[in-house]
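Protein chains in written order, with our numbering: chain Z, 1 to 262; chain H, 1 to 262; chain S, 1 to 262. Using N, Cα and C, we set each Cβ at its ideal position, and we do this for glycine too. These numbers were taken from a predicted model, which means no experiment stands behind them. Worksheet: the structure to be examined is printed underneath.
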């Protein structure tokens, strides 16, 4: 273990930044990295003052996926190693997706394997023009994890998902945008400031309403129209009695920007 | 209450037209508007002679969404107001989607909030070039309703849905077409005649077969391949014994257009 | 019955080729064709030495859909005929989709009705530029089968599916690619060699990993994130102890192409 953490949690007002800080290894997902990431996410979940989360990476690549050096070193213990690692990574992702705060992920360079799964679970994914995406699992005889078999079909449809998982074709940022894998593409030099500004804007928004959006979208594919709209109706009625809705409606009529408290 | 109805139901042969007729308020969804819309849809559902439904709006905008003036006027009763309104709107939408007759929606100008949900529940959505779409809910501190959290992910994928619900970015007609939000885009001046002609063509079609298409698609996301194909098989076998199939097959061999009775 | 089979099963090393061989009738899906196709698929399922399957067609069209001449000849027995035929076709499709071997489908010319359903159930679908796709069912008063109401919404979204099923608009190869209906488009003269090379490449790949990809994707729309990622974790841990993963990781570090045994 080093003193330098593999994943840093930083604060900037109401915005929390989860920084993948293992640049020397392409932010490869070792067990220790996984645990550090999980801890950062759990800390965000426990802190009600956090109103938006930004996930970004240090170094030329967002995340190259699993730590193959660690896989190699484990030898015959590899199945036990992965059986320990995968649930931690998936629990961190599930927690990230069910945070009430919106999550912006800023990706650059290589986004591969578990790194792709991590990117996909953001609510807003900003890609640098340099970003390139690949599943990579079957290229080394493994099957996908990181929720990619759950998320990708819902983002880009089943056909592209099949192709990318069977052929490991690399997708560039422009195609990732066209497919609906990422939300927007910006110049590399603008990635951090753009993503940070976006996170700050969301942190200034009606975060209770954002939390409802996130929850409803996380449930939608498991529900029929009736169940989903019943929930929609209960939530909008509840929120309509809150301070943010009162402010939003007043600001609308006053033709001024609203000031939300979340 | 005025003598002028907020929603008109008109007939043109086998085509029913549901006309949003509150142009002075951008067809904003007040409780009374909701009830009038629901009544129009229920009337269509009860009338077996209706073989296609066209939903269109009077005025420069299809529907700006919830009636914010009414929201404002309700003050502390707003949650109770919305708890009364939302189920009526959702019931009307559910009925519209489960009509055996196909539903064409013609949209123009602003299509926002609940207006977007209403547009999305058509089987065919024709947009005028002027149409512009926005979720708008979180802009005033509310969460989406009108089935948008159910329909949008199934139409345009999860990534765009997240973006549009969190940022309220406005989508123009061309982008709405590219995303799969609408079926086609026509010039503003052609909207009414085009949509009307389409509804008439569908009314002249094999409406029992259309009803099966609608039902199978409404159930598809809640079913596995086996269950869905079992149902497909039963339905095609049943329809194959009907008059429209007999006519369709005869017309195919005679190389003439079929004449369906539905 | 003729001596010439309606569907041929050929072998080329570890690649099985299912050849639709009813070119004189546009590979129309008669009951006998259905049974021959089902038998070919079951033979593939029973043969563990098959590591990839290629489905292709003889003649100018991949498959024009149901055999309307047979429908016509059946007269009043048509419902019973279809009630016998549809389950065989759907069982063959379900088996094809759950083969552990990846399935490449090569399509050309007319791809209509049940032929479209057959094409869609491939893992990789290669289209010749000449390919044109149409649902065709409601054009003759029938409702869709062949799993199209299950597959299309998951491939191209609900809006396009509704349009194509209600209007029978013909889609060309370029649009089919853009929509995510097919994986790639090649020149007509390259279709067979390209699809064959792709099948051979997949047969040389980590076929156990491919089988996991197929299974996870076939289940994804019926599962929540937690259930799906639990399964992902178990599968990647299991595969990581196998020979293909060991080879894949070694080859990665040796910067050489891996040699998989499946």
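Looking only at its own chain, which residues have a Cβ that is under 7 Å from the Cβ of residue i, when we skip the five neighbours before and after it?
| i | result |
| --- | --- |
| residue 90(Z) | 147 |
| residue 38(S) | 88, 91 and 92 |
| residue 265(Z) | Absent from the model: residue 265(Z). The displayed extent of chain Z is 1 to 262, so no value can be given. |
| residue 153(Z) | 161 |
Are any of the Cβ atoms in chain S nearer than 7 Å to that of residue i?
| i | result |
| --- | --- |
| residue 149(Z) | yes |
| residue 10(Z) | no |
| residue 238(Z) | no |
| residue 35(Z) | no |
| residue 1(Z) | At residue 1(Z) the pLDDT is 48, less than 50, meaning the model places this residue with poor confidence and gives no usable figure here. |
| residue 170(Z) | no |
| residue 244(H) | yes |
| residue 252(H) | yes |
| residue 118(Z) | no |
| residue 220(H) | yes |
Going by DSSP, which residues form a beta bridge with residue i?
| i | result |
| --- | --- |
| residue 272(Z) | Residue numbering for chain Z in the displayed model covers 1 to 262; residue 272(Z) lies beyond these limits and cannot be assessed. |
| residue 147(H) | Answer by DSSP bridge pairing: none, since residue 147(H) is not bridged. |
| residue 127(Z) | 107(Z) and 185(Z) |
| residue 18(S) | 9(S) and 55(S) |
| residue 172(Z) | 132(Z) |
| residue 29(S) | 66(S) |
| residue 112(S) | 134(S) |
Against chain H, with Cβ distances strictly below 7 Å, would residue i count as a contact?
| i | result |
| --- | --- |
| residue 102(S) | no |
| residue 268(Z) | In this structure chain Z extends from 1 to 262, so residue 268(Z) is not present and cannot be described. |
| residue 208(S) | no |
| residue 162(S) | yes |
| residue 126(Z) | no |
| residue 123(Z) | yes |
| residue 212(Z) | yes |
| residue 98(Z) | no |
| residue 94(S) | yes |
Chain Z beta carbons: is any one of them nearer than 7 Å to that of residue i?
| i | result |
| --- | --- |
| residue 72(H) | yes |
| residue 143(H) | yes |
| residue 257(S) | no |
| residue 82(S) | no |
| residue 199(H) | no |
| residue 166(H) | yes |
Which residues in the same chain as residue i place their Cβ atom closer than 8 Å to its Cβ, once the five residues preceding and following it in sequence are excluded?
| i | result |
| --- | --- |
| residue 248(H) | 206, 258 and 260 |
| residue 1(S) | Note that residue 1(S) scores a pLDDT of 49, beneath 50, so its modelled location is shaky; the value from the coordinates is reported in the next line. So the qualifying residues of the chain are 32. |
| residue 7(S) | 18, 19, 20, 21, 22, 33, 36, 37, 39 and 40 |
| residue 155(H) | 120, 179, 180 and 181 |
Return the chain-ordered list of same chain residues with a C-beta closer than 6 Å to the C-beta of residue i, the five sequence neighbours on each side being excluded.
| i | result |
| --- | --- |
| residue 70(H) | 30 |
| residue 212(H) | 235 |
| residue 55(S) | 18 and 105 |
| residue 151(S) | 120 |
| residue 16(Z) | 44, 50 and 53 |
Where does residue i land, buried or exposed, given buried means 16+ other C-beta within 10 angstroms?
| i | result |
| --- | --- |
| residue 123(H) | buried |
| residue 232(H) | buried |
| residue 60(S) | exposed |
| residue 57(Z) | buried |
| residue 143(H) | buried |
| residue 75(H) | exposed |
| residue 145(H) | buried |
| residue 255(S) | exposed |
| residue 119(S) | buried |
| residue 10(S) | exposed |
Check the Cβ of residue i against every Cβ in chain S and list those closer than 7 Å, keeping chain order.
| i | result |
| --- | --- |
| residue 181(Z) | Ordered by position in chain S, no residue passes the 7 Å Cβ test against residue 181(Z), which lies about 12 Å from the chain. |
| residue 46(Z) | By Cβ distance, chain S contributes nothing, its closest Cβ being about 20 Å from residue 46(Z), past 7 Å. |
| residue 217(H) | 149, 153, 158, 161 and 162 |
Starting from residue i, find everything on chain Z with Cβ-Cβ shorter than 8 Å and list it in chain order.
| i | result |
| --- | --- |
| residue 157(H) | 154, 155, 156, 157 and 180 |
Taking C-beta pairs closer than 7 Å, name the residues in chain H that residue i reaches, listed in chain order.
| i | result |
| --- | --- |
| residue 90(S) | 229 and 233 |
| residue 205(Z) | 138 |
Using a cut-off of 9 Å between C-beta atoms, extract the partners of residue i located in chain H.
| i | result |
| --- | --- |
| residue 249(S) | Result: empty, since nearest Cβ-Cβ is about 32 Å, beyond 9 Å. |
| residue 146(Z) | By Cβ distance, chain H contributes nothing, its closest Cβ being about 16 Å from residue 146(Z), past 9 Å. |
| residue 87(S) | 229, 230 and 233 |
Along chain Z, which residues have their Cβ under 7 Å away from the Cβ of residue i?
| i | result |
| --- | --- |
| residue 78(H) | 240 and 241 |
| residue 133(S) | Residues of chain Z passing the Cβ test: none, with the nearest at roughly 13 Å. |
Check the Cβ of residue i against every Cβ in chain H and list those closer than 8 Å, keeping chain order.
| i | result |
| --- | --- |
| residue 68(S) | 249, 252 and 253 |
In chain S, which residues lie with their C-beta within 8 Å of the C-beta of residue i?
| i | result |
| --- | --- |
| residue 260(H) | 141 |
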